[in-house]
Amino acid sequence: MSEKQDRTTRYQEGSLTLPGTVMLGTGVMIGAGIFALTGQMAQMTGVLFPLAFLAAAVIVGFSAYSYIKISNAYPSAGGIGMYLHKAYGNRLPTAFNALLMYFSMVIAQSFLARTFGSYTMQLFGGDESGRMVPILGVSLILAAFLVNLLGNRMIQGVASFIGILKIGGILVFGLVGVWIADSISVDFATPGEAGTLGNFLGATALGILAFKGFTTITNSGSEVKDPHRNVGRAIVISIAACVVIYTLVGFAVASNLSLAEIIETRDYSLAAAARPALGDYGVWFTVAIAMMATAGGILASIFAVSRMLAMLTEMKLVPHSHFGMPGTIQKHTLVYTVVLGLVLTAFFDLSRIAALGIVFYLIMDIAIHWGVLRYLRADVKASAWVPATAIVLDMLALGGFVWVKLNTDPFVIGVAVATMAVIAIAEQVFLTRTARNRETEHDGTHVQHHQ
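The opening residue of the sequence shown carries number 2 in my numbering; numbering runs sequentially from there.
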């Protein structure tokens with residue numbers, strides 16, 4: 002099999018409907034955003050965390066503009082990888098930022114998997130040993146891997162079924178929680194020391210992680226029916242649905258738990274909030290919804306991120322080895338994605354997984370907006386002020402988050418910087434070598450032509 006054949010992808014055009022695409026997007030968003038980030042955001046900014054969710058929605062609203070404009074013009078199964086290529090070409094910015102997005106999405110899978118484990122263990126009184134949460138998370142990733150091997154129609158069907166159940170369940174939780182709470186008021190006037198601007202911006206950055214799942218929709222581009230219209234529509238619908246759900250559930254949690262209780266139970270705060278409101282039945286109901294939501298999120302995320310890596314491989318922007326595996330390039334990138342997710346799930350805790358994910362994502366997001374502003378604005382018919390505003394907002398959120406982490410957990414920022422340095426150096430070496438090989442092949446062909 003030739004190198005060209007090895008790197009050729011095989012996508013199923015028109016195999017994803019608009020509702021199915023929306024379910025894939027919301028599957029990733031709702032799974033991470035509600036079930037684990039609520040407590041972490043409360044820990045960072047106190048009682049202001051519901052407002053931090055809304056601030057994140059505003060930033061994501063500006064960010065989505067660039068993705069919608071590019072996806073309408075260039076729908077592609079490579080999604081963000083192809084968008085970066087359109088802006089920066091076969092250069093380091095494309096490969097570097099695309100890999101940041103890839104790793105942030107794999108991190109999101111691990112985040113979902115650990116969340117699944119944390120909630121599931123609430124049925125058994127928690128996980129005092131600390132071993133069962135990663136074991137359950139690893140098991141879920143392996144199950145999602147098997148479903149992904151069955152093809153698009155199965156993935157869409159399972160994701161849609163899970164999506165309908167979990168969205169309905171979360172809405173029931175939010176409505177009932179608000180209905181039976183003594184009060185739905187939150188004292189925003191006395192946020193305390195945690196309510197500083199830096200902490201609020203840091204919590205807002207975490208909130209962005211709850212919405213960034215909409216980018217998985219872009220990776221389904223060429224497989225969506227009528228992609229020039231439906232990719233953008235799916236992004237808007239997914240974000241709007243999550244704004245409503247996050248706001249409702251945020252106030253329900255804040256109304257049924259004290260701030261100290263939210264922080265103490267940050268890895269499973271929705272289940273904790275259900276206990277005073279609905280008793281053990283409420284906890285069981287919430288855990289069941291959390292298990293479905295995180296499972297659906299991992300299923301959708303693995304589907305999207307493996308396709309983006311396949312596109313980067315086809316464009317020869319990242320190295321690739323079969324390692325003796327049979328099958329298409331998508332199957333290989335699916336395996337790589339799952340293996341990396343398993344490692345992160347086994348060895349990183351929720352807060353550090355989230356921190357790495359948001360740093361990588363925001364840097365990549367800024368690169369997307371700059372690419373639109375500097376190189377693609379005329380081609381995609383975009384207004385300049387929207388991506389410019391998105392860049393400013395992203396930088397504020399990233400700055401606030403890094404400032405908070407440097408004061409509380411500098412190790413994770415060090416890991417993020419070191420990882421980005423390794424990616425940049427390795428990619429520069431690979432791209433230089435690839436360019437040299439192309440020149441050698443071209444010179445050889447030129448000589449043969451004149452003999």
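Don't be surprised by glycine CBs; every beta carbon is placed ideally from N, CA and C.
Run of the alpha helix (DSSP H) containing residue i, from where it starts to where it stops
i	result
Q41	L38 to T46
A58	F50 to A74
R230	P228 to N257
V336	I330 to F348
P320	Looking at the DSSP string, P320 is not in any alpha helix (DSSP H), and its letter there is neither H nor E.
G214	Careful: G214 lies outside any alpha helix (DSSP H) and carries neither H nor E.
K382	No alpha helix (DSSP H) holds K382; DSSP gives it neither H nor E.
N149	M133 to N149
Q110	L93 to T121
Y84	I81 to Y89
I263	L260 to E265
Contact set for residue i: own chain, Cβ-Cβ below 6 Å, skip 5 residues either direction
i	result
I263	G40, A43 and S270
E4	Confidence at E4 is low in this model, with a pLDDT of 42, below 50, so the placement of that residue should be treated as unreliable; the coordinate-derived value is given next. Within the same chain, E4 has no close Cβ partners at all.
N73	H229 and G233
G342	V107, Q110, S111 and I142
T409	none
F431	P320
Residue i to residue j span [Cα, whole Å]
i	j	result
T334	A425	20 Å
E440	L202	48 Å
H370	M133	41 Å
L175	R276	Per the sequence presented here, residue 175 reads as Gly, with Leu not at that position. Computed Cα separation, rounded: 13 Å.
V237	R437	43 Å
G297	V319	28 Å
Y66	R378	12 Å
Y337	G90	25 Å
V173	A56	24 Å
I119	A385	Ile is not the amino acid found at residue 119; the sequence shown has Ser there. Between S119 and A385, the C-alpha separation is close to 43 Å.
A355	W404	15 Å
A37	I218	22 Å
F286	W180	17 Å
G199	F54	15 Å
A294	F125	19 Å
Q123	T266	11 Å
G169	V245	13 Å
A204	M45	6 Å
S64	Y376	17 Å
K382	T433	33 Å
M309	K167	26 Å
L300	T116	14 Å
E428	G82	14 Å
G280	I35	20 Å
A305	L151	15 Å
D268	T435	44 Å
T95	P76	17 Å
G47	A261	9 Å
M421	S352	19 Å
K87	I171	39 Å
Y103	I290	27 Å
L93	V418	17 Å
Sequence-distant residues of the same chain with beta carbon closer than 7 Å to residue i, five excluded per side
i	result
G358	S105, I108, A109, F112 and L210
D380	A74
L397	L202
T18	K226
A206	I359, L363, A398, L399, G401 and F402
M30	A211, F212, G214, F215, S239 and C243
T121	L137, V288 and M292
Identity of the residues DSSP links to residue i by a beta bridge
i	result
F17	Just to set this straight, residue 17 is Leu in the shown sequence, not Phe. In DSSP, L17 forms a bridge with V225.
Residues near residue i by beta carbon distance below 8 Å, same chain, minus five either side
i	result
I392	I367, H370, W371 and L374
P51	V187, T248, G251, F252 and A255
K462	Residue 462 lies beyond the residue range present for the chain, which begins at 2 and ends at 452; the question has no answer from this structure.
T390	F63
T27	G164, I168, G214, S239, A242 and C243
V387	F63, Y66 and S67
Closer than 8 Å to chain C by CB, residue i
i	result
I165	The chain labelled as chain C is not found in the depicted structure, where only one protein chain is given.
**Contact the stretch 94–105 vs the stretch 298–314: 3+ CB pairs below 8 Å** = Segments in contact, yes.
**Message:** Under 8 Å, with one C-beta from each stretch per pair, do the stretch 63–73 and the stretch 409–420 reach the 3-pair mark?
**Reply:** Result no; under three Cβ-Cβ pairs closer than 8 Å.
**Message:** Taking contact to mean 3 or more Cβ pairs, one atom from each stretch, closer than 8 Å, check whether the stretch 135–149 and the stretch 339–351 are in contact.
**Reply:** Under the Cβ criterion (8 Å, minimum of three pairs), the stretch 135–149 counts as touching the stretch 339–351.
**Message:** Is it the case that the stretch 384–398 contacts the stretch 59–66, given that we only count it when at least three CB pairs across the two stretches are under 8 Å?
**Reply:** Contact holds: three or more Cβ-Cβ distances are below 8 Å.
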